[in-house]
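Trainee:
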Amino acid sequence: MHLFRRATSRSGRRRRGDPIVNRWALLAAPPIAFLVAFFLVPLIVVSLRSVTDVPRPTDDLLANYGRFFASAANLRVLGNTFWVAALSTVVCLALGYPYAYLMNIVRPRVAGLLLIAVLLPFWSSLLVRTYAWQVILRDTGIINTFLLDGRVIEEPIPLIRTTLGVMLGMSQILLPFMVLPIYAVMRRIDPEYSRAAANLGAPPFAAFRRVFLPLSLPGVLAGSLLVFVLALGFYITPALLGSPKDTMISQFIASAVQQRLDWGIGSTMAVILMGLTLAVLFIASRLIRLRDVFGSLEES
Amino acid sequence: MTDSWRQPRRLLLLALGALTVFFLMAPTLVVVPMSFTASNALTFPPEGFSTRWYEKMLTDRQWSTGFVNSAQVAFLTAILATALGTLAALGTIRGRFPGRSAVNALILSPLIVPVIIIAIGMFSVFVRWKIAGSFVGLVLAHTALAVPFVVVNVATSLRTMDRNLELAAQSLGAGPVRTFRRITLPLILPGVLAGGLFAFITSWDEVVVSIFLTSARFRTLPVEMWEQVRQVVDPTVAAVSTTLLAVTTTLLVLVFVVRRQPAAR
């Protein structure tokens with residue numbers, strides 16, 4: 068019935084009376100079919116397995132969820148996942164905001180170089196970068212060798228297999244997702260506002276705090292949201308740089324499926340992770356336009 | 406402006422910026438020189454200069470087949486994802502149909518759904534379809550992950566192109582197919598090519614889904630690296646890393662070149 072409803076034209080190009088489905092729409096059919104078959108169906112199957120792959124045939128549909136929440140170890144992993152994601156967000160914000168601010172005030176050529184410094188790592192292999200952190204941080208790694216040779220320390224300090232190691236690796240990988248949205252918002256702030264504040268007698272820091280900072284907050288929110296959501300799903304980095312204590316939910320899902328062959332609990336955790344991701348995105352969508360988050364990535 | 410750089414606050418900002426650049430670059434700055442070390446251990450700064458670890462990478466059967474597999478998978482993924490992504494961009498930007506925002510969400514969701522969930526989901530389904538651990542299965546999986554990057558790039562080109570050129574072609578008697586082939590496609594070609602390059606990079610660097618969808622007989626370079634990085638400490642892994650980085654960086658430079666190209670003449 069939608070097919071025959073008259074279109075309310077926004078673009079102005081479509082004439083009144085055109086059907087709501089046009090011929091261009093047909094082109095979207097093959098990619099939609101592809102993504103449904105090879106992306107959406109797998110996600111649906113995982114969700115179903117969380118209720119059907121129960122330990123005993125007599126168990127009810129929510130048995131796996133009961134099993135998950137009954138275990139203190141599982142809840143610890145869940146808590147740790149949130150903790151590490153929150154820490155990464157804070158570290159990225161602390162480094163990313165000044166960086167974006169710097170990009171915004173330097174000459175265009177310097178800003179271009181700073182942008183390349185962000186984009187090159189952004190597009191290079193996550194595994195390679197994690198491996199590099201391993202080489203830098205391990206007991207026989209660069210930092211420890213340097214400090215031992217300089218007789219600053221007697222024994223290697225624990226850097227790898229610590230939360231600090233995971234933090235360093237994850238922040239380095241996630242930093243571009245913080246810098247790019249903040250920079251995109253800052254670039255749109257009219258410099259006249261800050262100038263007006265200065266002309267009205269505001270000292271530089273007050274002008275920044277009262278005028279520029281509030282205007283840049285949408286970028287801060289967008290970047291923090293993106294970093295937090297992406298951090299929730301990290302797998303490779305905590306696996307290579309963390310200790311068993313730093314286990315995140317993705318590692319738990321992988322080991323449940325690969326080693327314990329426990330698809331029930333593995334897919335249950337997958338659904339929980341998915342739910343958390345969607346919940347964060349939903350809450351965020353009340354605060355900011357999600358389009359801005361992804362839009363800022365498109366611009367870069 | 407120049408004087409203001411001497412203010413302590415500006416200097417602090419500059420120092421912090423320099424530190425951040427160093428932090429972002431540190432992994433690359435470490436891995437690349439180390440891959441050329443002459444010694445058996447990963448020491449920094451590297452001792453001597455040698456390409457022996459690259460020779461080992463190319464002569465070792467596991468590494469070299471991994472390299473070939475990765476290149477083939479990435480190449481096919483790029484082609485398939487470019488075709489599907491371009492269609493999707495045309496269909497969702499030019500097309501009018503109910504549920505368009507849901508379709509947009511579906512297309513972009515591979516970017517945001519945690520990759521481990523995608524991995525176990527695809528594994529679960531592909532086992533039943535008997536394509537788990539196969540070349541075809543991996544190409545299909547990587548294509549689903551790469552489509553969003555193509556869509557984003559083509560969509561940008563589509564939004565910024567001048568549609569009057571199409572109207573002109575049509576009023577001069579060109580049919581829809583001819584208009585698309587001679588006018589629209591050349592105009593969006595930079596976006597299409599950039600999307601294809603990003604699709605190649607996505608597949609080339611992908612690890613998590615590949616860990617689940619490869620087998621001992623069929624492995625890509627990142628999976629081989631993942632298997633070895635936890636046990637082996639010889640500098641071959643650094644050579645492999647540098648190779649992975651070199652390919653990605655070259656393609657990124659290509660993206661910049663492609664985007665600078667003036668569209669159709």
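Just so you know, the sequences run in chain order A and B.
Position one of the first sequence corresponds to residue 68 (my numbering), numbered consecutively onward.
Position one of the second sequence corresponds to residue 406 (my numbering), numbered consecutively onward.
Each residue gets a CB set at the ideal place from its N, CA and C atoms; glycine is no exception.
Quick caveat: nothing in here was measured; it's all calculated off a predicted structure.
Does the beta-carbon of ARG568(B) have 16 or more other beta-carbons within 10 angstroms, so that it is buried, or is it exposed?
Mentor: exposed
Trainee: Assuming VAL347(A) and LEU292(A) form a contact by the criterion Cβ under 8 Å, report the distance between their Cβ atoms to the nearest whole angstrom.
Mentor: 7 Å
Trainee: With DSSP collapsed to three states, give me the class of SER620(B).
Mentor: Strand at SER620(B).
Trainee: Beta carbon of PRO98(A): closer than 8 Å to some heavy atom of the ligand ZN?
Mentor: The model depicted lacks the ligand ZN and carries no ligand whatsoever.
Trainee: Would a check of beta-carbon distances place ASP610(B) closer than 9 Å to chain A?
Mentor: Chain A, which has a Cβ nearer than 9 Å to the Cβ of ASP610(B), makes this yes.
Trainee: To be precise: take each residue of the segment 421-432 of chain B, compare its Cβ to all Cβ atoms of chain A, and keep it if any distance is under 9 Å. Which residues remain?
Mentor: LEU421, GLY422, LEU424, THR425, VAL426, PHE428, LEU429, MET430, ALA431 and PRO432
Trainee: Considering LYS461(B), what are the terminal residues of the alpha helix (DSSP H) in which it resides?
Mentor: Per DSSP, the continuous alpha helix (DSSP H) segment holding LYS461(B) begins and ends at 457-464.
Trainee: Identify the contact partners of LEU492(B) in chain A, using a Cβ-Cβ distance below 9 Å as the criterion.
Mentor: LEU94, ALA95, ALA96, PRO97 and PRO98
Trainee: Could you check the C-alpha separation between ILE521(B) and ARG622(B) for me, to the nearest Å?
Mentor: The alpha-carbon atoms of ILE521(B) and ARG622(B) are separated by roughly 22 Å.
Trainee: How many whole angstroms separate the CB atoms of MET336(A) and PHE319(A), which I take to be in contact at a CB cut-off of 8 Å?
Mentor: The pair is a contact, with the Cβ atoms about 6 Å apart (cut-off 8 Å).
Trainee: Helix, strand or coil for ILE484(B) per DSSP?
Mentor: helix
Trainee: Tell me whether LEU181(A) sits in a helix, a strand or coil according to DSSP, three-state version.
Mentor: Correct three-state label for LEU181(A): helix.
Trainee: I'd like the list of long-range same chain contacts for GLU452(B), defined as Cβ closer than 7 Å, with 5 residues on each side in sequence excluded.
Mentor: Non-local C-beta neighbours of GLU452(B) in its own chain, meaning closer than 7 Å and more than five positions away in sequence, comprise THR442, ALA443 and SER444, ordered along the chain.
Trainee: Is the CB-CB distance between VAL436(B) and VAL173(A) below 9 Å?
Mentor: When the beta-carbon positions are compared, VAL436(B) and VAL173(A) stay at least 9 Å from each other.
Trainee: How far does the alpha helix (DSSP H) with PRO451(B) in it reach, from first residue to last?
Mentor: Here PRO451(B) belongs to no alpha helix (DSSP H), and DSSP marks it neither H nor E.
Trainee: Find the residues of chain A that neighbour PHE449(B), judging by a C-beta separation of less than 9 Å, and give them in chain order.
Mentor: VAL202, ILE203, GLY208, ILE209, THR212 and PHE213
Trainee: Could you tell me whether the segment 568-579 of chain B touches the segment 618-635 of chain B, using the rule of 3 or more Cβ pairs below 8 Å?
Mentor: With a cut-off of 8 Å, the segment 618-635 of chain B and the segment 568-579 of chain B do not count as touching, because too few Cβ pairs lie within range.
Trainee: On a Cα-Cα basis, can you pick out the residue from ASP120(A), ASN89(A) and ALA140(A) that is closest to GLY333(A)?
Mentor: ASP120(A)
Trainee: Strictly under 9 Å for the Cβ-Cβ distance: is LEU280(A) near chain B by that measure?
Mentor: It does not: the Cβ of LEU280(A) has no partner Cβ on chain B nearer than 9 Å.
Trainee: Report the option in LEU187(A), LEU181(A), GLY163(A) and GLY268(A) whose CA atom is closest to the CA atom of THR655(B).
Mentor: LEU187(A)
Trainee: So that I know if they touch, is there some Cβ in chain A lying closer than 9 Å to that of ALA668(B)?
Mentor: For ALA668(B), the pLDDT reaches just 49, beneath the cut-off of 50, and the residue's location in the model is therefore unreliable, although a value from the coordinates is still provided. By this cut-off, ALA668(B) is not an interface position.
Trainee: Are the segment 537-555 of chain B and the segment 116-136 of chain A in contact at 8 Å, needing three or more beta carbon pairs?
Mentor: no
Trainee: Comparing C-alpha positions only, which one of GLN325(A), VAL233(A) and ARG255(A) sits nearest to ASP313(A)?
Mentor: VAL233(A)
Trainee: Return helix, strand or coil for GLY236(A), following the three-state DSSP convention.
Mentor: helix
Trainee: Any beta carbon from chain B within less than 9 Å of SER261(A)'s own beta carbon?
Mentor: In terms of beta-carbon proximity, SER261(A) stays away from the interface with chain B, with every pair separated by 9 Å or more.
Trainee: With distances taken Cα to Cα, identify the nearest neighbour of MET170(A) among VAL426(B), VAL628(B), GLY471(B) and ILE523(B).
Mentor: Ranking the options by Cα distance to MET170(A), first place goes to VAL426(B).
Trainee: Tell me the rounded alpha-carbon separation between VAL651(B) and THR433(B).
Mentor: For the sequence presented, residue 651(B) should be read as Ala rather than Val. ALA651(B) and THR433(B): Cα-Cα distance of roughly 10 Å.
Trainee: If we cut at 9 Å on Cβ distances, does LEU110(A) have a partner in chain B?
Mentor: At least one beta carbon of chain B lies nearer than 9 Å to the beta carbon of LEU110(A).
Trainee: Using a Cβ-Cβ distance cut-off of 9 Å, determine whether PHE106(A) contacts chain B.
Mentor: yes
Trainee: Using a Cβ-Cβ cut-off of less than 7 Å, list which residues of the segment 617-633 of chain B approach chain A; keep chain order.
Mentor: PRO627, MET630 and TRP631
Trainee: Write down the C-beta distance between MET245(A) and VAL294(A) rounded to the nearest angstrom, noting that I regard them as a contact closer than 8 Å.
Mentor: 5 Å
Trainee: Output the distance between the C-alpha atoms of LEU489(B) and ALA551(B), rounded to the nearest integer angstrom.
Mentor: 10 Å
Trainee: What's the gap between the Cα of ARG277(A) and the Cα of ALA265(A)?
Mentor: Cα-Cα distance, rounded: 11 Å.
Trainee: Alpha carbon to alpha carbon, what distance is there between ALA263(A) and ASP257(A)?
Mentor: 10 Å
Trainee: Give me the chain A residues within the contact set of PHE502(B), using Cβ-Cβ distance strictly less than 8 Å, ordered along the chain.
Mentor: Those are ILE87, VAL88, ASN89, ALA92 and ALA95, listed as they occur along chain A.
Trainee: For THR156(A), is the classification buried or exposed, using 16 other Cβ atoms within 10 angstroms of its Cβ as the cut-off for buried?
Mentor: In this structure THR156(A) is buried. Its beta-carbon is surrounded by 16 or more other beta-carbon atoms within 10 angstroms.
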